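Enquirer: Residue numbers (this note's numbering): 7 to 343.
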Amino acid sequence: MGELLLQVKNLHTSFFTDAGEVRAVNGISFNLERGKVLGIVGESGSGKSVTAYSVLRILSEPGEITDGQILFKGEDIVKLGSKQMRTVRGGKISIIFQDPMTSLNPTFTIGNQLEEAIRLHTNRTKKEARDRAVEMLTLVGVNEPEKRIAQYPHELSGGMRQRVMIAMALACEPDILIADEPTTALDVTIQAQILELMQDLQKKLGMAIILITHDLGVIAGMCDEIIVMYAGSVCERGTADEIFYNPCHEYTKGLIRSIPSVVGKKDRLVPIAGSPIDLLNLPKGCAFASRCDKAMKICLDEKPEEIWINSLHIASCWMNVKEVYDEAAKEGGPKDE
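(1) Where DSSP assigns a beta bridge to Gly-26, which residues make up the other side?
(2) If you compare alpha carbons, which of Gly-51, Ile-315, Asn-326 is closest to Lys-300?
(3) Check Met-235 in the structure and name its three-state DSSP category.
(4) For Ala-237, tell me which candidate among Glu-39, Phe-22, Val-56 has the shortest Cα-Cα distance.
(5) Using three-state DSSP, classify Asp-342 as helix, strand or coil.
(6) Would you kindly report the start and end of the unbroken beta strand (DSSP E) that includes Ser-100?
(7) Taking Arg-169 as the reference, give the member of Ala-139, Asp-181, Arg-92, Pro-180 with the closest Cα.
(8) Grab me the residues of Gly-45's own chain with a C-beta within less than 6 Å of its C-beta, minus the 5 sequence neighbours each way, in chain order.
(9) Are at least three pairs of beta-carbons, each pair with one atom in the segment 302-322 and one in the segment 287-294, less than 8 Å apart?
(10) For Gly-227, count neighbouring Cβ atoms within 10 angstroms of its own Cβ and tell me buried if that reaches 16, exposed if not.
(11) How far does the beta strand (DSSP E) with Val-47 in it reach, from first residue to last?
(12) Hey, out of Ser-296, Leu-285, Pro-266, Ile-265, whose CA is closest to Ala-279's CA?
(13) Can you tell which of Thr-115, Ala-185, Thr-131 has the C-alpha that lies nearest to the C-alpha of Lys-153?
(14) Spatial neighbours of Thr-23 within its chain, please: CB distance less than 7 Å, with the 5 preceding and 5 following residues excluded, ordered by chain position.
(15) With 16 other CB atoms within 10 Å as the buried threshold, where does Ala-214 fall?
(16) Can you confirm whether the segment 79-90 touches the segment 251-261 when touching is taken to mean that 3 or more C-beta pairs between the two stretches lie within less than 8 Å?
(17) Considering Cα atoms alone, identify which of Ile-262, Ile-283, Leu-203 is closest to Pro-277.
(18) Helix or strand or just coil, what does DSSP make of Asn-326?
(19) In whole angstroms, what is the alpha-carbon distance linking Ser-408 and Val-194?
(20) Examine the ligand ADP and report whether any of its heavy atoms sits within less than 7 Å of the Cβ of His-160.
(21) Do you know how far the Cα of Asp-105 is from the Cα of Phe-167?
(22) Are the beta-carbon atoms belonging to Ile-83 and Val-94 less than 8 Å from one another?
(23) Contact defined as beta carbons within less than 8 Å: I believe Ala-72 pairs with Ser-35. What is the distance between those atoms, to the nearest angstrom?
(24) In the DSSP assignment, what are the bridge partners of Lys-15?
(25) DSSP puts Asn-1 in a beta bridge; with which residues?
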């Protein structure tokens, strides 16, 4: 087991609106070791980005962490003051946001923004920060870096701007990189380049990565562990092989069926029926029950507990409990422990 960098324990995050409390994250827990890649997957509104923003404590009003712990190297950063958190953000945990065009300031040059981030989190002089900016742009594959630092964001392509965001996030050599939908606005070719770049940098620098996406296909060959989220909760988690080859939650199966197949080009995609749940009015049972073809009465009445499928795989689905009892019945009835 490697160095444990991050432990998220029973995290609850809510947004207190005029319409009521929106429980965006409901008791999510996970661990992240150095050098590992954790994927968090789910459709829009499942709580992926809110989880990331909670870890960095950059929630906008009226959002707040209502319960749980976020331990970075054993220290609960939920209890840190704003000044202490500034040393964590960027310096120890960095983030790449979804849209680089809105994340970069259009009125400042690329060099100015990179140098500011470097000088804010390190003791480098202005010249040293400039040299570091050029070095980082070179590292992420930006051509003619000396020229690029004098340009403005609108003068670069989408893929180039995303590389600048990666350079900015890695400039201070953080322990953890959070990539929030880093390839959403990019075409397929550039997507592959960005993901390959992140893998290469992760191996070179030895950092841990949290990769957030709505597309299971994007992270198929990149993640060591995958968490599938729905309605702010964890539906399923396990190694990439377990999630893809042995999915045990109906929502996960639906996401996998939605991935376009290269083999069956004429096969129609199978969408997940229904609409995402209203987080203002969460049901007392399984949040996915209203969209699930295999929902049982207990799914509507009781929230499923996490069931260990094996030592590498957990799923929160009553179908797994039913299968355990069905299997026990075949063998002569449930056995006393």
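Glycine included, every Cβ here is placed at the ideal spot set by N, Cα and C. Fair warning: this is a prediction, and the values are worked out from it, not measured in the lab.
Expert: A quick look at the data gives this:
(1) Translated into the one-based positions of the sequence shown, residue 26 becomes position 20. Gly-26 pairs with Thr-23.
(2) As a first step, residue 300 must be located in the sequence shown, where it is residue number 294. Among Gly-51, Ile-315, Asn-326, the Cα nearest to that of Lys-300 belongs to Asn-326.
(3) Here residue 235 is taken as the residue at index 229 of the sequence shown, counted from 1. Strand at Met-235.
(4) Along the sequence shown, read from residue 1 onward, the residue named residue 237 stands at position 231. When only C-alpha atoms are compared, the closest one is Val-56.
(5) Walking along the sequence shown from the start, residue 342 turns up at place 336. For Asp-342, the pLDDT reaches just 47, beneath the cut-off of 50, and the residue's location in the model is therefore unreliable, leaving the point undetermined.
(6) Taking the sequence shown and counting its residues from 1, one reaches residue 100 at position 94. Residues 99-102.
(7) Numbered from 1 along the sequence shown, position 163 holds the residue referred to as residue 169. Cα-wise, what sits closest to Arg-169 is Ala-139.
(8) Position 39 of the sequence shown, counted from the start, is the residue given in the question as residue 45. The answer, listed in chain order, is Leu-217, Ile-225, Cys-229, Ile-232.
(9) yes
(10) The sequence position of residue 227 within the sequence shown is 221, counting from 1. So Gly-227 ends up on the exposed side.
(11) As a working mapping, residue 47 is identified with position 41 in the sequence shown. Counting along the chain, the beta strand (DSSP E) containing Val-47 begins and ends at 43-47.
(12) As a working mapping, residue 279 is identified with position 273 in the sequence shown. Residue Ser-296 is the option with its Cα nearest to Ala-279.
(13) Stepping through the sequence shown from its first residue, residue 153 is reached at position 147. Residue Thr-115 is the option with its Cα nearest to Lys-153.
(14) Position 17 of the sequence shown, counted from the first residue, corresponds to residue 23. Here the set comprises Pro-68.
(15) On the sequence shown, position 208 is the one that residue 214 refers to. That one is buried.
(16) no
(17) The residue you call residue 277 lines up with position 271 of the sequence shown. For Pro-277, the nearest C-alpha among the options comes from Ile-262.
(18) In the sequence shown, the residue the question calls residue 326 occupies position 320. Reduced to three states, the DSSP call for Asn-326 is helix.
(19) For residue 408 there is no data in the structure shown, the boundaries of the chain being 7 and 343.
(20) The ligand content of the structure shown is nil, which means the ligand ADP is not present either.
(21) Locating residue 167 in the sequence shown gives position 161, where the first residue counts as 1. Locating residue 105 in the sequence shown gives position 99, where the first residue counts as 1. It is worth fixing the name first, because residue 167 is Arg in this sequence and not Phe. Distance between the alpha carbons of Arg-167 and Asp-105: 9 Å.
(22) Here residue 83 refers to the residue found at position 77 when the sequence shown is read from its first residue. Here residue 94 refers to the residue found at position 88 when the sequence shown is read from its first residue. Yes; because the gap between Cβ atoms is below 8 Å, this pair is in contact.
(23) As a position in the sequence shown, residue 72 is number 66, starting the count at 1. As a position in the sequence shown, residue 35 is number 29, starting the count at 1. Before going further, note that residue 72 is Thr rather than Ala in the sequence given. At roughly 15 Å, the Cβ-Cβ gap does not stay under 8 Å, so Thr-72 and Ser-35 are not in contact.
(24) Within the sequence shown, numbered from 1, the residue matching residue 15 stands at position 9. DSSP output for Lys-15 lists Gln-75 as bridge partner(s).
(25) The question about residue 1 has no answer here: the residues shown for the chain are numbered 7 through 343.
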